[in-house]
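Student:
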Amino acid sequence: MTLTNRAKAILRWGSIVLVFAIYSIALMLPVLDFGLTRKYNGPPSTDQMKARLCEAIIDDLSRSVDNLLITAFVGSAICIVLTLLIFKKVR
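In the working numbering, the protein residues as written are 113 to 203.
#1: Please report how far the alpha carbon of Val129 lies from the alpha carbon of Ser157, in whole angstroms.
#2: On a Cα-Cα basis, can you pick out the residue from Glu167, Ile122 and Ile137 that is closest to Ser188?
#3: Taking the Cβ atom as the reference point for each residue, do Ile192 and Ser127 lie within a distance shorter than 8 Å?
#4: Would you kindly check if the distance between the Cβ of Leu148 and the Cβ of Thr183 is under 8 Å?
#5: How many Å lie between Asn153 and Leu196 at the Cα?
#6: Is it buried or exposed, Ser176, if we count other Cβ atoms within 10 angstroms and call 16 or more buried?
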């Protein structure tokens with residue numbers, strides 16, 4: 113079965129949009145985690161704060177940022193490879 117040029121174009125661009133949508137969803141999860149960490153693990157309303165609490169807040173925020181950066185870099189590399197494979201296979 114041979115696909116027409118129009119069907120190939122729809123298949124190609126539909127696949128690329130699907131890859132981009134999955135990457136966007138995968139990137140939103142660490143962004144939401146970072147936002148929730150900032151919202152609920154902020155400093156207390158009192159004037160003073162213990163050093164352990166401050167270190168715990170900083171550890172949570174750095175973990176969230178690390179997860180976000182890893183997801184962004186690895187996900188973008190995977191998206192580029194998948195996009196190139198889609199262009200190569202669907203001609």
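Think of the CB as a built atom: it goes at the ideal place given N, C-alpha and C, for glycine as much as any other residue.
Tutor: Well, looking at it:
#1: The count along the sequence shown starts at 1 and reaches residue 129 at position 17. The count along the sequence shown starts at 1 and reaches residue 157 at position 45. In a straight line, the C-alpha of Val129 is about 45 Å away from that of Ser157.
#2: Numbered from its first residue, the sequence shown carries residue 188 at position 76. Checked all of Glu167, Ile122 and Ile137; the closest Cα to Ser188 is Ile137.
#3: For the purposes of this step, residue 192 is taken as residue 80 along the sequence shown, with counting starting at 1. For the purposes of this step, residue 127 is taken as residue 15 along the sequence shown, with counting starting at 1. No.
#4: Translated into the one-based positions of the sequence shown, residue 183 becomes position 71. Translated into the one-based positions of the sequence shown, residue 148 becomes position 36. Result no, Cβ atoms of Thr183 and Leu148 do not sit closer than 8 Å.
#5: As a first step, residue 153 must be located in the sequence shown, where it is residue number 41. As a first step, residue 196 must be located in the sequence shown, where it is residue number 84. Each residue's alpha carbon lies about 41 Å from the other.
#6: As a working mapping, residue 176 is identified with position 64 in the sequence shown. With 16 or more other Cβ atoms within 10 Å, it is buried.
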